[in-house]
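Chemist:
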Amino acid sequence: MSDVLSSYPLLLRGAWVTIQLTVYGSALALVLAFVFGLMGGARSVWVRAVGRVYVEFFRGTATLVLMYWLFYALPLVGFRFAPMFAAVLALGLNVGAYGAEVVRGAVKAVPKAQYEATVALNMRPWQRLRRVLLPQAIALMLPPFGNLLIELMKGSAVVSLISIADLMLRAQQLRQSTGQTTSAFLVILVMYFVIAQVLQLLVRYLERRADIMLGRRPGRATRSALETLEAAK
1 MSDVLSSYPL LLRGAWVTIQ LTVYGSALAL VLAFVFGLMG GARSVWVRAV GRVYVEFFRG
61 TATLVLMYWL FYALPLVGFR FAPMFAAVLA LGLNVGAYGA EVVRGAVKAV PKAQYEATVA
121 LNMRPWQRLR RVLLPQAIAL MLPPFGNLLI ELMKGSAVVS LISIADLMLR AQQLRQSTGQ
181 TTSAFLVILV MYFVIAQVLQ LLVRYLERRA DIMLGRRPGR ATRSALETLE AAK
């Protein structure tokens, strides 16, 4: 264990690569989720069909197989990607398909009365979405998005198979150099857990902020005012 712990700079570099993969992959997945999720609720049959094809194809494709296809198969026909780009693209495409269903479901879950009110106010479709529907839907999206974010972070462990020096590859290197298999994997098990907890705290913070913006939870100023009133009594 001491040999593994003394190699913490190597593990920290691997953790940093894992965090980068998580950030880039989740950014791509978020964009794809909103684009294809909103397409899934469009009025046009063709637009909905395009969104459904994306969701069903990439949701039913293993991330590892997709990553191998991008990194090993496409170069055979003239398309060559850097390892990091191929990994981020595979993670983003896969998780974005799940996120698209979250977006579509959250928008549909907004009470119908809210939509009818926007029609009565003569709002344009984009105004309805931006000012009324999306703010409420985002609050519903955050918990499942948090789960998908953590799943993406854990799924990034497969990128070591295309020679990206993430946390998993660094643990493999330590195992080979020190012979301490149990210790090496125990340490990265804890490190993955810590990263996941940090991500979970971030999502919970965003959930609280969304609830405050929608008036579902009192903000700091409101709590202070209430405490002042209570003290005055």
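Mind the numbering: the sequence shown is residues 1 to 233 in UniProt numbering, read in order.
Even for Gly, the Cβ is constructed at its ideal location relative to N, Cα and C.
A quick note: this is a predicted structure, and the numbers were derived from the prediction, not measured.
What is the DSSP secondary structure of Leu229, counted as helix, strand or coil?
Modeler: Residue placement at Leu229 is poorly supported in this model, since its pLDDT is 45, which falls under 50; the coordinates still yield a value, given next. It is helical.
Chemist: Can you give the beta carbon distance from Ile164 to Pro83, rounded, assuming they're within the 8 Å contact cut?
Modeler: Right, the Cβ-Cβ distance comes to about 5 Å (below 8 Å), so this counts as a contact.
Chemist: Name the two residues that bound the continuous alpha helix (DSSP H) containing Asn147.
Modeler: Note, Asn147: alpha helix (DSSP H), 134-155.
Chemist: Using three-state DSSP, classify Arg43 as helix, strand or coil.
Modeler: DSSP places Arg43 in coil when its eight states are reduced to three.
Chemist: With a threshold of 16 other CB atoms inside 10 Å of the CB of Arg80, please say whether the residue is buried or exposed.
Modeler: Classification of Arg80: exposed, given that the 10 Å Cβ count is below 16.
Chemist: Please return the same chain residues whose Cβ sits closer than 7 Å to the Cβ of Trp16, not counting the five positions on each side in sequence.
Modeler: Closer than 7 Å at Cβ, skipping near neighbours: no residue.
Chemist: State the start and end residues of the unbroken alpha helix (DSSP H) segment that holds Ile195.
Modeler: First-last of the alpha helix (DSSP H) with Ile195: 181-213.
Chemist: Measure how close the beta-carbons of Leu91 and Thr63 come, nearest whole angstrom, since I'm counting them as under 8 Å.
Modeler: Confirmed, about 6 Å.
Chemist: Would you mind giving the Cβ-Cβ distance between Leu174 and Ala184, rounded to the nearest angstrom? I have them listed as a contact below 8 Å.
Modeler: At roughly 4 Å, the Cβ-Cβ gap stays under 8 Å, so Leu174 and Ala184 are in contact.
Chemist: Quick check: Phe58 and Ala97, are their CB atoms within less than 9 Å of each other?
Modeler: Contact flag set, yes.
Chemist: From Leu93, Pro75, Glu101, Tyr8, pick the residue whose C-alpha is nearest to that of Gly41; which is it?
Modeler: The option with the nearest alpha carbon to Gly41 is Glu101.
Chemist: Between Pro143 and Val203, what straight-line distance do the alpha-carbon atoms span, to the nearest angstrom?
Modeler: Rounded to the nearest angstrom, the two C-alpha atoms are 7 Å apart.
Chemist: According to DSSP, is Ala165 part of a helix, a strand, or is it coil?
Modeler: Ala165 falls in the coil class under three-state DSSP.
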